[in-house]
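For reference, the structure discussed in these notes is given below.
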Amino acid sequence: MTTQQIADRLAELCRNGDFEKAQKELFAEDAVSIEPQPSPGFEKETKGLEAILEKGRQFNSMKQEAHSINISDPIVAGNAIAIGLHMDVTMKGRRRSTMSEICVYEVKDGKIISEHFFW
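Using my numbering, the letters of the sequence shown map in sequence onto residues 2 to 120.
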């Protein structure tokens, strides 16, 4: 797959809420996920697809309800992809809130090798 094809597929799956499917299908086994800062239950850097999948499951277990998820059209430059993500969610034990972030992905040999979140 080209970087553009990966970007389009990633956006399609994420728009359908299929984040785990996107990771399983598009990420390299040794991919890295980087958060802006560590937060309760999450390290700044997560290495390996299995650990990234578990991080996603952990995040989902903290959600009470996802009211809406909006994914921007991807922007591709060389081997990089940028996507805007906006979620309206209620986390367990918290009030309803919105989360917005820019997700930047690096592609190598037809797979996503890193994701970096900015919020």
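Note that CB positions come from ideal geometry on N, CA and C, so glycine has one too.
These numbers come from a predicted model, not from an experiment.
Length of the line joining the Cα atoms of residue i and residue j
i: Q5; j: N80; result: 9 Å
i: F20; j: C104; result: 13 Å
i: I114; j: M92; result: 29 Å
Those residues which DSSP pairs with residue i across a bridge
i: E21; result: Answer is none; E21 lacks a bridge partner.
i: K48; result: V33
i: L86; result: I72, E102
Local conformation of residue i per DSSP, three classes
i: E13; result: helix
i: N61; result: helix
i: E55; result: helix
Spatially closest choice to residue i from the options, by CA coordinates
i: N71; options: G18, A8, D9, M2; result: G18
i: D89; options: A83, I82, S98; result: S98
Residue i burial status per 10 Å Cβ neighbour count (16 or more: buried)
i: A78; result: exposed
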